[in-house]
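There are 2 protein chains.
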Amino acid sequence: MSARGTELASGALDGDRLALARLLTAVENRTPVAEAALRELYPKAGRAHLVGITGPPGSGKSTLVAALIAAIREAGRSVAVIAVDPSSPITGGALLGDRVRMQAHAGDPDVFIRSMAARGHAGGLASTTGAAAAVLDAAGFDLILLETVGTGQSEVEVAAAADTTVVLEAPEMGDEVQAIKAGLLEVADLVVVNKGDRPGALRTAGQLRAMLSAAAPRTTSDDRPRPKRPEVLVTTATTGEGVPALIAALERHRASGASGATPAARLARAQALVWAIVGDRLRERLHDTRRRAGTDAALREVAEHRLDPYAAADRLIAELDRQAQ
Amino acid sequence: MSARGTELASGALDGDRLALARLLTAVENRTPVAEAALRELYPKAGRAHLVGITGPPGSGKSTLVAALIAAIREAGRSVAVIAVDPSSPITGGALLGDRVRMQAHAGDPDVFIRSMAARGHAGGLASTTGAAAAVLDAAGFDLILLETVGTGQSEVEVAAAADTTVVLEAPEMGDEVQAIKAGLLEVADLVVVNKGDRPGALRTAGQLRAMLSAAAPRTTSDDRPRPKRPEVLVTTATTGEGVPALIAALERHRASGASGATPAARLARAQALVWAIVGDRLRERLHDTRRRAGTDAALREVAEHRLDPYAAADRLIAELDRQAQ
């Protein structure tokens, strides 16, 4: 095990922000340091309330998250934010907006904001954010907000894996965005119409309530029961109006989690984490220097359509099995 | 092997559209029928030009795709479209727009349009669309357009795995969309400013050219070389203006693929396909009735924070290794 990982884990538990930041970088890069630290921290996590916040571009997610941070701090609770960064699928990098939001809470040890990018791993986003949430949870944050743009499949999955999923809408959005909305609503525990000071906000909220009550009782891909129709709230994030009501609704949803919603979400998160690690390990085995040539050849033959992908998969599995013996 | 798979594969090769549609459903659901058919069809694929088309909501992707279909058909070539459907992350389902576009080409055997949704598999989107593209490729379509909303990580990856990736922009988009743009540009082989009849379109194109020429020479996550800066084109999809120039640019990019871009993209697609199958097989092994209890217990312990995810992964791998012996 990595001594560095143990050191960063202790630092994170002691409230050392630099250690926490370094550890999250290790988690993002899936290094051995992250593994060592997570092995220690994971059993200490499980106390925080994970809140997914998603919605189409332009619905005002970042502003609402800033308003939530302020309200949560006023209530004397600590909060961490993981913003899944859409600014760059390849290089990652923080949005300017985060740095601005960060400044408002500079020096507050009970606020931590972090941007994350998934880097081309299959299922990478879900497992990386799951591991990062576990680190922040173990570090003692009361609430962890997972902010994602709600138009991509994986981003929606990340948000939906939270204990409570908030879907943002804004009045008067374009047609394509409307189409996205219908899908998003399926994962919502709470629906928030933001930009409540705009004309049409109350009408939009009314339409959403009508849509939701017309919909059939819902089940989800992970068979997570959603016993109730989601509440529809109206906020104006820029002024803070409606934000205390949203926080109260988050609490109510969490309290109702005793009904079973929370364990299923946690199982889904655990599954994503564990499968990503299994996948990484098996890929490492096949990319081991002695075996790399065989793996590369199989993939190249598939790329050139000289081998079908099932036959290639059979070969790789046979190789894994040989190594196991 | 599945006789039904062989039957659908033959049908798809013979231009039977119903067989093709059924086969794509099997591919989406990852059934044994799909496996049998793909084993036969995959070696017959590799001839089509795969074009990824992505961009933020509101950039007019669907309208441009419709204009491309018309222009490709005028040139006497056949075209299939895979629209990765953002309307519902959970239930899938076709966008109304597709049905409308479909009607314009009803009865034309050389146009095939299909919506697809990824269903919660890790890396599912890339492998499902890769397999669907292989089926359509084997079925003889000259061009295959992969249309995705360019705000999610996995959607961007899908588009970027094409031979040629087109990134759409529209004049005057909001701030959050601008942030997304920067990331999208990194995967672009061609940049298209659509809605060219709007004020600001030429200015937007000029700004994009300036941004792209200021940027450092690019490499990508898959080390795919991108020897040239992407061309910036202006189209007005609603009138068809600029669409023939776009088709010519697609051809030029494909011809330049001899430089190495295409083999790397094909290798990335092959990798996504093969790893998804390996993952499915190994998960099946662990969910085998005799072993399921152990797998479920490990995942539950992780969900309850009684076991760390690395220890759980070690257990699952040990179980896989035991089975191999």
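First to last, the protein sequences are chains V and Y. Take the first sequence: its letter number 249 is residue 249 in this note's numbering, and every next letter is one higher. Take the second sequence: its letter number 226 is residue 226 in this note's numbering, and every next letter is one higher. No residue lacks a Cβ here, since even glycine has one placed at the ideal position from N, Cα and C.
In the three-state scheme derived from DSSP, where H, G and I count as helix and E and B as strand, residue 305 (chain Y) is classed as coil.
A check of alpha carbon separations from residue 184 (chain Y) across Y:148, Y:71, Y:300 and Y:199 identifies Y:148 as the nearest.
Between residue 41 (chain Y) and residue 19 (chain Y), the alpha-carbon positions lie close to 13 angstroms from each other.
Taking a C-beta distance under 8 angstroms as the contact criterion, residue 145 (chain Y) and residue 51 (chain Y) qualify as a contact pair. Under the Cβ criterion of 8 angstroms, residue 166 (chain V) is not counted among the residues facing chain Y.
Sequence-ordered contacts of the stretch 16-35 of chain Y with chain V read 35 [C-beta pairs closer than 7 angstroms]. Residue burial annotation: residue 199 (chain Y) is exposed, with fewer than 16 other C-beta atoms found within 10 angstroms of its C-beta.
Going by DSSP, residue 114 (chain Y) is part of the beta strand (DSSP E) stretching over 111-116. Within a 10 Å sphere around the beta-carbon of residue 252 (chain Y) sit fewer than 16 other beta-carbons, which makes this residue exposed.
Using a 10 angstroms sphere on the CB of residue 287 (chain V), the tally of other CB atoms stays under 16, which defines it as exposed. The closest CA to that of residue 235 (chain Y), considering only Y:128, Y:190 and Y:266, is found on Y:190. Annotation for residue 105 (chain V): no beta strand (DSSP E) segment contains it, and DSSP assigns it neither H nor E. Any Cβ of chain V closer than 8 angstroms to the Cβ of residue 305 (chain Y) would place that residue at the interface, and such an atom is present. For residue 278 (chain Y), a Cβ of chain V is located within less than 8 angstroms of the residue's own Cβ.
What residue 317 (chain Y) touches in chain V, judged by beta-carbon distance under 8 angstroms, is 278, 281 and 282, going in chain order. Taken through DSSP and simplified to helix, strand or coil, residue 51 (chain V) comes out as strand. Going by beta carbons, residue 195 (chain Y) and residue 171 (chain Y) fall inside the 8 angstroms limit. The shortest C-alpha to C-alpha distance from residue 278 (chain V) to any of V:3, V:127, V:64 and V:163 is the one to V:127. Around residue 46 (chain Y), the beta-carbon contacts reaching into chain V at under 8 angstroms are 304 and 305. Here the C-alpha atom of residue 36 (chain Y) lies approximately 17 angstroms from the C-alpha atom of residue 284 (chain Y).
For residue 26 (chain Y), same chain residues with a beta-carbon under 6 angstroms away, outside a window of 5 residues either side, are 33 and 34 in chain order. The beta carbon of residue 17 (chain Y) sits closer than 8 angstroms to those of 109 and 112, all from its chain and outside the five residues before and after it, given in chain order. Contact annotation: residue 298 (chain Y) and residue 315 (chain Y) have beta-carbon atoms nearer than 8 angstroms. By alpha-carbon distance to residue 187 (chain V), the top candidate from V:157, V:30 and V:15 is V:157.
About 4 angstroms separates the CB atoms of residue 270 (chain V) and residue 303 (chain Y); that is less than 8 angstroms, so the two are in contact.
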